[in-house]
Amino acid sequence: MDNRRIKDRHVFMTIALAIVFWYLTFSVQLFNFWLSMGLAATTLSILAIRWGGFPYKREQLNFRAIVIGVGSAGLLYLIFFLGNYLSQLMFNFAKPQISSIYHIRTEAEAIVITLVLLFITSPGEEIFWRNFLQRWSMQRFGGFQGWFIAALLYGGVHISSGNFMLTMAAFIAGLFWGYIYWKERNTLMVTISHALWTTSIFVFFPVM
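Heads up, the working numbering is the position in the sequence shown plus 43, with the first residue counted as 1.
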């Protein structure tokens, strides 16, 4: 992990840019969802690398990283599988909101979605949200507070979608991957987890 200190102004600029990207993607919906998210993830990750350093190191690829990456993806999938069931028992709005999330699968072929999730949005989001923003947050506020603030920001940018279930899902995922990053400081590990989970829940084994 690159230990250089990240400047506050760079963080504030990229957070503002992320808010704009997520608003245009989820609320305005000017372009195809997958194109918009791919552009957002690419832009933010490039800026994160420019101002925070390249996050992937050869030593990050090891047996422990693979096991935790794969295992945590499975655990998070189970959490969301149960969460989907319980939320629909508790909230009348849960099912239509979750259905609207899955509706974005109609905007591209399954193979295109899989490639975007594996090679663009999953690594791009981990480079920006965990290795850049959460690293800054932990440098600024300490481990626990930094972890929690970063997850709040990750969930918060989804508020513009007007979808409570999506916002809470992002917050929970942010806490989950953020905790792994906090304890392991391995961006590749959380990228493996993110990529496997998101392709599983969106493409291969959707919960509804």
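The beta carbon of each residue, even a glycine, is placed where N, CA and C say it ideally should be.
As the structure is a computational prediction, the values presented were derived from the model and not from experiment.
Query	Result
Three-state secondary structure assigned by DSSP to P98	coil
Presumed contact (8 angstroms Cβ cut-off) between R148 and F245, rounded CB distance	7 angstroms
Inter-stretch contact at 8 angstroms, needing at least 3 Cβ pairs: the region 49–62 / the region 94–112	yes
Under the three-state DSSP convention, the category E150 falls into	helix
Element boundaries [alpha helix (DSSP H), containing T234]	230–242
Bounding residues of the alpha helix (DSSP H) (the contiguous stretch that carries R107)	106–133
Burial state of M208, where buried means 16 or more other Cβ atoms lie within 10 Å	buried
Continuous alpha helix (DSSP H) stretch holding G189: start and end	186–199
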